[in-house]
């Protein structure tokens with residue numbers, strides 16, 4: 001048993017904790033989320049590079065939301081999302097414990113939002129090289145080419161909303177697309193409705209996207225939709241010096257006005 | 001089943017000159033849901049309004065669209081007309097085909113088509129309008145007046161005399177403001193303090209006025225009718241109840257060389273002090289920056305000599321919270337100082353002073369007992385050069401505006417100098433003479449003709465010292481730009497009036513808009529000169545722009561009358577066009593996710609949290625709640641809410657979407 | 001069953017001729033990163049390098065959006081333009097895996113349940129399905145557990161099996177298939193008698209779907225079981241949209257001004273609003289209930305009411321699932337528990 | 001119109017609109033195409049899909065009796081997108097109607113029995129069809145009792161028909177409003193439907209009870225009927241699940257393996273008890 005499994009076993013045996021949300025090996029060796037309730041199942045837990053899913057999305061699931069004896073094994077995406085969710089009052093201090101990992105692989109217990117916030121400050125917040133390269137490729141396109149690129153991508157979208165379901169920040173019980181009085185966004189999937197949906201999703205994540213890329217990973221059609229929210233995240237950083245997932249205070253770039261902001265219309 | 005009446009106004013020729021109103025009426029009559037559609041020359045006229053009323057009664061209309069001018073003009077007119085005919089006024093909408101259409105386009109079919117589009121849009125909206133009831137907010141009949149200069153004093157007295165409570169907040173240890181520093185006032189040359197101090201005493205004695213000096217506004221929330229003002233009472237290191245104002249402490253204070261702010265640095269004061277003898281309240285404060293006890297930890301002479309043991313070294317700042325129905329800003333102005341004028345040697349040469357300092361020199365209660373003496377050596381100056389527009393009307397230095405009072409006070413200064421130093425020669429460099437008040441021009445003429453003040457039209461390029469004299473170099477533009485050089489004993493700069501320090505912070509606390517010079521902005525430069533864009537907050541005096549005393553007093557009384565007008569009702573009637581968080585049936589209760597990101601967005605602090613509880617009191621969820629008394633219906637939260645959980649009554653999503661669809665769809 | 005042989009060159013000719021004769025030919029095409037069924041205009045667009053396509057072949061008969069009819073409003077008058085059945089093209093669907101082909105059986109049972117959905121049936125009638133046996137499989141495949149096999153002919157009109165030399169064994173399954181072969185008889189040659197079985201991928205049968213059918217009804221009330229099974233599920237609709245047998249749909253109106261059409265579009269029982277009443281009441285209010293609906297529908301309701309299993313073992317839903325909800329594993333949990 | 005398109009609605013003209021309660025309206029609909037009318041028939045208990053072009057379809061029961069020929073009626077409360085659009089319509093407008101769908105109240109089996117109708121709020125409309133159906137065949141049944149309750153007096157629908165029933169000697173009508181919902185001139189009962197039912201203590205013998213109302217009302221009504229001795233097969237209700245198609249394809253309305261659109265919407269309490277708790 002490795003450290004994590006031992007730790008999990010101890011926590012469950014102690015009786016202070018009843019549920020560990022973490023990762024296990026899934027089909028074909030892929031990592032997937034797992035919910036461990038019994039100490040003898042602790043050996044299912046893994047944590048390695050393959051565990052790149054953002055599992056903060058489970059923290060506010062109705063089934064476990066009010067379970068205060070839960071632990072979440074968090075990769076850095078998950079940690080950032082927890083901070084952002086805390087800022088937006090979707091998770092509450094003390095409702096769960098976080099197991100994070102130091103660079104040397106040591107387990108770090110984080111019990112409060114303050115501790116998580118402090119730990120997150122030590123993490124890397126930019127895009128990966130590969131992601132940055134994709135971003136650049138699209139930014140370098142001419143306006144026409146970029147439009148054609150996205151038009152082609154969106155034409156494949158089947159509106160399964162896996163992007164929405166997998167995003168920890170998409171927690172609205174009734175999404176804008178599902179509000180039909182009035183119907184702002186067309187329900188049947190065709191290119192126009194798809195474009196509106198994805199643009200709106202990106203705008204709703206402005207200043208809130210922690211650039212985990214989970215939406216893109218979740219897409220069964222492999223649309224690079226994470227680039228849309230990345231773009232908005234990069235703009236938030238550039239124009240408002242706001243990086244989502246770094247502060248537990250609600251200071252969303254679009255919600256507050258600072259005298260040094262470029263535009264002064266909100267004054 | 002909608003039964004909409006559409007009323008197209010020609011507005012004389014204003015609309016009908018470019019829009020075919022008859023056609024608009026005809027096309028509109030075919031819109032689904034439109035029962036009656038007519039056009040008329042002047043809808044706002046009595047016969048026009050009667051057409052609307054009669055149509056409501058005759059056709060049992062469920063909505064009215066008046067297609068005319070901007071709703072800013074006649075919306076109340078037509079809403080009232082509808083109400084008189086028994087239709088809820090909020091079922092009446094204005095389609096603006098004048099400012100939005102006829103005035104901005106040429107006569108053409110396209111213009112008429114646009115008018116038709118506008119009307120259709122509003123028809124679709126009004127179909128979805130709901131009857132709304134106005135909101136009534138109780139009014140707290142207390143006004144907080146910020147600033148105790150002549151404006152604040154006048155306004156406080158007027159409001160208090162009208163029978164309402166006033167809380168007057170002054171930053172300095174005494175009320176009085178700049179007027180208390182002045183010697184004589186133009187154009188009558190009566191003594192400033194002599195006319196002001198009785199009013200100061202009135203303030204102190206008035207049963208309706210609570211005076212807080214040495215106090216600042218900490219925070220303000222709430223809105224018209226119900227502000228909550230938190231005031232910081234800076235520690236005076238004194239128990240005011242015990243202090244009799246005997247002055248023993250001041251006499252014995254060992255720190256005596258502090259430049260007096262009141263005397264513009266020309267006189268000195270002690271560390272425990274009252275700013276001036278007639279101060280109200282006439283009780284000292286300890287200036288902790290200069291007090292030996294606070295610096296070194298010992299002294300306490302004042303405590304020892306105080307007969308009533310009123311000194312409190314450990315006193316801390318305290319806070320009071322005041323509920324107020326209205327706020328009145330009277331924070332006044334300041335004058336430009338320091339190295340704004342390096343070429344004039346201000347700050348470099350002791351004998352280059354500003355106008356306020358000259359007032360103190362000329363004042364009988366001033367440091368020289370009213371004798372005009374040079375600050376440097378106490379000599380009586382033989383020649384004084386007054387430089388008007390020192391900073392004002394100088395775009396290069398960032399102040400384009402005219403400070404308005406300098407022409408007059410400079411003339412007064414020269415005159416006062418001449419009256420006191422008969423052999424002296426006053427020179428005035430000026431750009432233009434602006435003497436537009438009652439008896440003002442006569443006053444200036446008197447300075448020129450009777451007191452022989454030498455006016456030189458031109459600008460001063462440099463002031464420098466040479467052999468104990470101040471050499472003032474300028475040009476006389478009336479002498480074809482001939483260079484002029486005057487050897488002066490003293491130079492007085494009529495420095496520009498600027499916003500009082502701290503104005504910007506205060507404006508932000510109060511959500512009052514201000515201009516680029518940090519003067520507070522009025523709601524309308526002509527029609528609402530003493531209102532701000534924030535309802536319930538009024539302006540008086542020089543905090544808005546520099547003003548002379550009569551103008552300031554007039555503005556103060558005007559603002560006071562606005563407050564008294566507001567307070568003449570027990571309830572404030574407001575349009576119910578406010579935001580609401582949408583609720584729905586359980587188990588969702590509301591689509592609001594409780595992210596509370598709308599809270600910082602709200603410019604009026606109208607949003608707080610609401611807990612939804614089950615029957616046994618357990619919290620099911622916490623959602624946003626909008627205080628109807630505070631919400632101004634600006635819609636910022638609506639735009640920001642991702643889950644579309646907030647609607648503005650009268651402008652809800654359904655209505656706005658219907659308008660957009662009506663515009664986009666081809667019919 | 002009649003067997004023939006189709007050389008790779010003849011295959012190319014066949015497809016080229018079909019396209020030339022104005023058939024709508026739909027085949028697996030590699031577009032960007034994905035392989036999916038698309039209408040082709042040349043044989044070269046076809047790829048065979050896939051285990052299964054991302055989306056299922058059902059789109060041919062049950063497209064994402066189907067305009068049911070058009071309408072036009074003028075003041076109080078409303079006129080309707082019925083569905084133009086003549087507009088449905090004759091199609092040939094190429095490269096359909098046996099699992100996918102079998103999926104049409106399940107779909108048909110739904111669309112023909114009492115009220116016959118003529119739009120669906122016409123589309124299917126006008127489509128000739130040329131299946132392609134699987135020569136490879138992955139960990140998600142479980143057709144052999146769901147009464148299928150990598151070489152099953154059920155559902156195809158013609159089934160091709162690729163031989164090592166690149167030529168194809170042709171099995172003519174239906175009359176429609178026979179007609180197509182007859183129309184292009186010069187391209188088909190006599191069967192060489194190659195062993196089809198040896199060419200097929202091996203898919204281990206880890207469970208029997210009959211056991212699932214037998215057990216699942218007794219599990220309905222076990223709420224804790226379903227909650228735990230669905231814990232990982234994040235409630236997107238990906239599984240249903242890629243599934244060859246999922247037929248749930250929504251009916252929506254699309255309009256511009258007075259003109260518009262009513263549309264039948266895909267929907268998914270995994271989405272939380274699927275069964276939400278206007279009153280706010282939701283009969284399936286948590287993900288456990290919704291996941292139960294998905295499995296019960298496939299392994300209980302369809303077998304009981306329509307005499308067909310609603311799962312063909314293609315494993316698409318598991319591949320598409322962002323959180324690896326592997327349906328075969330869940331089936332096994334039902335059996336085990 | 002000859003069509004094989006099961007999604008194509010009949011075009012119906014709104015012949016009459018009545019406002020029955022706040023936000024509740026009744027449309028009388030007539031077929032625009034006489035052939036449609038000739039081919040159309042329905043039985044009490046069935047429902048249909050009503051549509052506004054450009055907005056969509058909504059499901060509700062046919063509120064009129066099949067004995068009244070030449071039109072159908074529907075009653076709806078303005079709640080969702082479609083019902084909001086419907087309530088914006090007026091006489092002369094055209095709407096779409098698909099149906100009839102679903103099973104029927106077995107009124108033939110009820111011959112010679114007493115009938116007890118229990119309805120709450122906006123659930124009277126589905127019951128109104130069967131009430132009028134039975135009243136139009138009055139000789140087939142013995143005592144007919146109607147218990148109808150709503151939140152307040154204003155919320156009672158079909159007010160003039162209630163008056164008509166009240167005045168009929170062959171119908172016993174009991175109306176009630178929730179406590180606090182009464183007006184000063186209210187002469188009916190005050191109390192929740194189950195409470196009033198309990199007070200009425202109806203005889204179960206040879207009596208069929210038909211219950212329709214909000215879930216909470218139904219939940220408390222069944223035990224009282226049981227207490228009074230009603231056997232499960234003597235009690236009927238009609239379920240309202242969300243539907244899109246109406247004919248067993250769209251996948252929404254099933255309660256376990258029971259499809260409300262095909263097997264229902266009318267169920268006996270006996271059938272209901274065999275269904276899982278998923279409605």
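Chains as they are written, first to last, in the numbering used here: chain A, 1 to 267; chain B, 1 to 667; chain C, 1 to 337; chain D, 1 to 279. Virtual Cβ for every residue (Gly too), placed ideally from N, Cα, C.
Check	Outcome
Taking only beta-carbon atoms, is residue 600(B) less than 8 Å away from chain A?	yes
Which whole-angstrom value is the C-beta distance of residue 487(B) and residue 473(B), which I expect to be below 8 Å?	11 Å between Cβ atoms; not a contact.
With distances taken between CB atoms, is the gap from residue 249(D) to residue 247(C) smaller than 8 Å?	yes
Does any residue of chain B have a CB that is nearer than 8 Å to the CB of residue 124(C)?	no
So, at 6 Å on beta carbons, what are the nonlocal neighbours of residue 152(C) in its own chain, with the 5 sequence-adjacent residues on each side left out?	98
Starting from residue 426(B), follow its DSSP beta bridges and name the residues at the other end.	384(B)
Could you pull out every residue in the same chain whose Cβ sits closer than 8 Å to the Cβ of residue 258(A), ignoring the five residues on either side in sequence?	240
For residue 132(A), is the beta carbon positioned less than 7 Å from some heavy atom of the ligand NAD?	Absence of the ligand NAD from the depicted structure is noted, as is the absence of any ligand whatsoever, leaving it without description.
Which residues in chain B sit within 9 Å of residue 179(A), going by Cβ to Cβ distance?	591, 643, 644 and 653
Can you tell me which residues form a DSSP beta bridge with residue 190(C)?	4(C)
Is it buried or exposed for residue 124(A), if we count other Cβ within 10 angstroms and need 16 for buried?	exposed
If you follow the beta strand (DSSP E) that residue 211(D) is in, where does it begin and where does it stop?	207-212
At a CB-CB cut-off below 9 Å, which residues of chain A make contact with residue 594(B)?	88, 89 and 90
Looking at the structure shown, is residue 352(B) part of a helix, part of a strand, or coil, going by DSSP?	strand
Apart from the five residues just before and just after residue 259(B), which ones in its own chain have a Cβ nearer than 7 Å to its Cβ?	265 and 268
Please state the DSSP three-state secondary structure of residue 122(C).	helix
Unbroken alpha helix (DSSP H) runs of length 4 or more, entirely within the segment 144-224 of chain C: which are they?	175-183 and 209-219
Compute the Euclidean distance between the alpha carbons of residue 277(C) and residue 645(B), then round it to the nearest angstrom.	19 Å
So what does DSSP say about residue 259(D), is it helix, strand or coil?	strand
Check whether the segment 298-305 of chain B and the segment 386-404 of chain B touch, using three or more Cβ-Cβ pairs below 8 Å as the test.	no
Thinking just about the alpha-carbon of each residue, which of 200(C), 329(C), 9(C) and 251(C) is nearest to the one in residue 212(C)?	329(C)
Take residue 512(B) and list the residues in its own chain whose beta-carbon comes closer than 6 Å to its own, dropping the five residues that flank it on each side.	520, 532, 534 and 537
Relative to the alpha-carbon of residue 220(C), which residue among 122(D), 276(D), 262(D) and 169(D) has its alpha-carbon at the smallest distance?	276(D)
Verify the CB distance criterion: does residue 47(A) have a CB-CB separation below 8 Å to chain C?	no
Taking C-beta pairs closer than 8 Å, name the residues in chain C that residue 215(D) reaches, listed in chain order.	281
Secondary structure at residue 90(A), three-state DSSP: helix, strand or coil?	coil
Please name the residue, chosen from 23(B), 81(B) and 44(B), that lies closest to residue 57(B) on a Cα-to-Cα basis.	81(B)
Would you kindly report the start and end of the unbroken beta strand (DSSP E) that includes residue 186(D)?	First-last for residue 186(D): undefined, no H or E at that position.
Spell out whether any CB of chain D is found under 8 Å from the CB atom of residue 276(C).	yes
Could you tell me the alpha carbon to alpha carbon distance between residue 463(B) and residue 471(B), rounded to whole angstroms?	5 Å
In chain order, which continuous runs of the alpha helix (DSSP H) of length 4 or greater are located wholly inside the segment 52-136 of chain D?	81-87 and 124-136
Hey, is residue 75(C)'s beta-carbon within less than 8 Å of any beta-carbon in chain B?	yes
Check each candidate in 157(D), 120(D), 122(D) and 108(D) and name the one with the smallest Cα separation from residue 321(D).	Nothing in the structure corresponds to residue 321(D), since chain D is present only between 1 and 279.
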